[in-house]
């Protein structure tokens, strides 16, 4: 059965995107990463928020623009949105219900990961008790403002069990199991 993994690159001060969803800061931290390369082989489907899907792309201007992991991954994507678009895109399913999107992504992933992209969808998975693991790559910079990894004022404490910590070429990787 699929596990649900929320993965993100984050600044040391806790932001996964800058003000207005700006992802341009991440470009210099996208270098070779053996841990991410290995993870990509274990992803069976993506569960993505609409803002993340249609947002700023750290691969803008290169051959990986508009592709998951800069073109390093291909497979089914489930985009959670309140407004279903008219157009269809091969390999991409737009879903207007979080629970349905998660169920479809899990089915599509089989025994691999459903990789969650987007702060809102990550938070919704956590609140629904459906988040199994969190992988955070901490980039060595302070953004000062933007979109937080998890932002839920008044939220509850969530215990995590560390699975690994690694120094990767351009970041520090922290991988946790949600207890």
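Numbering (our numbering), first residue to last: 745 to 923.
Cβ coordinates follow ideal geometry from the N, Cα and C atoms, glycine included.
Asked: Within a Cβ cutoff of 6 Å, which residues of the same chain sit near residue 848, ignoring the five residues on either side of it in sequence?; Found: 822
Asked: When you compare the segment 782-793 with the segment 888-896, are there three or more beta-carbon pairs, one atom per stretch, that lie closer than 8 Å?; Found: no
Asked: Taking the beta carbon of residue 867 as the centre, do at least 16 other beta carbons fall within 10 Å, making it buried, or is it exposed?; Found: buried
Asked: Where does the unbroken beta strand (DSSP E) through residue 789 begin, and where does it stop?; Found: 787-793
Asked: Residue 825 by DSSP, collapsed to three states: which one?; Found: coil
Asked: Run through DSSP, which three-state label would residue 767 get?; Found: coil
Asked: Could you tell me the alpha carbon to alpha carbon distance between residue 921 and residue 752, rounded to whole angstroms?; Found: 15 Å
Asked: Which stretch, first to last residue, makes up the beta strand (DSSP E) that contains residue 842?; Found: First-last for residue 842: 842-853, but that is the alpha helix (DSSP H), not the beta strand (DSSP E).
Asked: From the DSSP output, which residues share a beta bridge with residue 857?; Found: 747 and 787
Asked: Could you tell me the distance, in whole angstroms, from the CA atom of residue 837 to the CA atom of residue 820?; Found: 8 Å
Asked: Three-state secondary structure (DSSP) at residue 911?; Found: strand
Asked: Taking the continuous beta strand (DSSP E) assigned at residue 879, which residues delimit it?; Found: 877-883
Asked: Name the DSSP beta bridge partners of residue 905, please?; Found: 921
Asked: When you compare the segment 752-766 with the segment 870-888, are there three or more beta-carbon pairs, one atom per stretch, that lie closer than 8 Å?; Found: yes
Asked: So what's residue 872 in DSSP terms, helix, strand or just coil?; Found: coil
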